[in-house]
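Report on the structure given below.
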Amino acid sequence: MTSVPTLRVQTRAELAVLLREYLLCGHLIDRAGMGYLIGPFGREGMVDIAIDEWAGASPVYTQRTQRLLGFEGDDIPTIFKGLQFDVGAPHEFMDFRYTIHDATHGEFRLDHCGALMDVEPMGEDFVVGMCHTIEDPTFDATACATNPRARMRPIHRPPRTPVDRHPHCAWTVTIEDDAEPVAEAATTVRMRATKLVGVPLATIEAFPGDDGEGWDDYAGEFVDRLPTEAFSKGALLALIDEVCLQYHLLSTAFAFAVTDRDSIEKAAEILDHQFTGIAGLTAERLAAALGLGRSLGDLAFLLGVHPALRPRGYVDARASLADDGSSLRLDLFDSPALHEDEGTVTWVTLLRDGRTRALDAIVHAVDPRAVVERVEPAAAGAVCSWDVRIGEVPVPEQPEVGVTRISTGAAFAFEPPREIPVALTR
5 MTSVPTLRVQ
15 TRAELAVLLR
25 EYLLCGHLID
35 RAGMGYLIGP
45 FGREGMVDIA
55 IDEWAGASPV
65 YTQRTQRLLG
75 FEGDDIPTIF
85 KGLQFDVGAP
95 HEFMDFRYTI
105 HDATHGEFRL
115 DHCGALMDVE
125 PMGEDFVVGM
135 CHTIEDPTFD
145 ATACATNPRA
155 RMRPIHRPPR
165 TPVDRHPHCA
175 WTVTIEDDAE
185 PVAEAATTVR
195 MRATKLVGVP
205 LATIEAFPGD
215 DGEGWDDYAG
225 EFVDRLPTEA
235 FSKGALLALI
245 DEVCLQYHLL
255 STAFAFAVTD
265 RDSIEKAAEI
275 LDHQFTGIAG
285 LTAERLAAAL
295 GLGRSLGDLA
305 FLLGVHPALR
315 PRGYVDARAS
325 LADDGSSLRL
335 DLFDSPALHE
345 DEGTVTWVTL
355 LRDGRTRALD
365 AIVHAVDPRA
375 VVERVEPAAA
385 GAVCSWDVRI
395 GEVPVPEQPE
405 VGVTRISTGA
415 AFAFEPPREI
425 PVALTR
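The sequence shown stops at residue 430 when you use my numbering, and every number in between is there.
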């Protein structure tokens, strides 16, 4: 078996494009999962779970990103910099535009809100649920990770009046010294006790053959519509690992919220739907962005870079290709993802426990004839293993992938990669 290279072999320009893909696909996790909540919990229950999900995860990964890029602080620019690397605000699809008045006053608007485009056809109740009921507490939770006296308040927001109103919404962000500090939500405190939060922060390092260009941090001035091309190869690789960790934080917080309202069995059932839908759609978009074909070598590479199986510090999954190219092996090794507290269900524990429809969805994004079969681990230290080969008959798309594809984000096209403005060079 031959190990397959990872993203480290990609060029800086390619990584800049891929970082935007990772951010967008992370945003679509909710499109994959929320529909499966309405039956057991109703629309109001779905909204409550979404609040716990985002309030549990976003403060944690916001602070990690601040440390990674060296812009920790307690002011408006720090809050806005964090939003620029949040799967809740993927570039262009959620087209945030920022204005900073001073250290304690700012505004942002969404010139395009892909999330609104997804829910607006569902009717006003769903719009209010997202743009009011969910955003009020979760926006504050994100802001308060930087400063507990920060508040995000709407200038205007949907439902849109008139129906074509632009920008889609606008908000003020203020920090008031005499405001009552917002206490961290119980769901955030719970997330801080997971193995996920203990994963060492990705490091920005020099890479052989790197051109030496780009920022290794974001300690300088805030830049509106900051292109990912502004960063060094090391910074982009570290950011990709941290964005992948955001996926696991969101999905774990989601599972906690379902478990609290029902049972771990129900959480595993619904999380399996969510995982399958987002795994397949993400695989499709990454395969297209990377220009992958239908070979097993391409599939092995895709498995190695798929965010569900990254970062290595949390989930240790390795793809290797048979020397004759006839099959590939995916090995899952012992890792922190397999040692969360009892009663915690995650994407990785689903795979360990035999729920592998998400793997099927990933491989079918490359070739719908691909067949995944669990086998006895042969590699030293492997907990479980799967062989993948190309069969004879194409397999129909998993229904969860089709559900996720309803989002306008599924076919969203980014602008061509942008040149780095002279003003951004340091």
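Beta carbons are placed, not taken as given, at the ideal position from N, Cα and C, and that holds for glycine.
Asked                                                                                                           : Found
Exposure of E139, with buried meaning 16 or more beta-carbon neighbours within 10 Å                             : buried
Touching by the beta-carbon criterion (3+ pairs, under 8 Å), the segment 79-92 and the segment 287-302          : no
Between the CA atoms of G329 and A304 - distance to the nearest angstrom                                        : 11 Å
Secondary structure, alpha helix (DSSP H): runs of 4+ residues fully inside the segment 349-422                 : 351-356, 361-368, 403-409
C-beta contact flag for A93 and F100 at 7 Å                                                                     : yes
Cβ neighbours of I55 in the same chain (closer than 7 Å, five flanking residues each side left out)             : I138, P141, T142
Three or more C-beta pairs below 8 Å linking the segment 217-231 and the segment 150-169                        : no
Endpoints, the beta strand (DSSP E) within which P158 is located                                                : 154-160
Backbone secondary structure at I53 - three-state DSSP                                                          : helix
Any 3 or more C-beta pairs closer than 8 Å across the segment 245-255 and the segment 376-383                   : no
Cβ neighbour criterion (16 or more within 10 Å) applied to E25                                                  : buried
N- and C-terminal bounds of the beta strand (DSSP E) containing I104                                            : 98-106
Residues that DSSP places opposite F112 in a beta bridge                                                        : Y102, W175
Beta-carbon separation (whole angstroms), V349 vs I282, contact threshold 8 Å                                   : Not quite, the Cβ-Cβ distance comes to about 16 Å (not below 8 Å), so this is no contact.
CB of D264 within 7 Å of CB of R333, strictly                                                                   : no
Close-in-space but distant-in-sequence residues of the same chain around V21 (CB under 8 Å, 5 per side omitted) : T232, A293, F418, P421
Simplified DSSP state of R164, which is helix, strand or coil                                                   : coil
CA-to-CA distance, T360 to E401, given in whole angstroms                                                       : 14 Å
Cβ shell of D228 (< 7 Å), same chain only, five flanking positions each side left out                           : R101, Y102
For A17, the first and last residue of its enclosing alpha helix (DSSP H)                                       : 16-31
Complete alpha helix (DSSP H) runs within the segment 299-324 (minimum length 4 residues, chain order)          : 300-309
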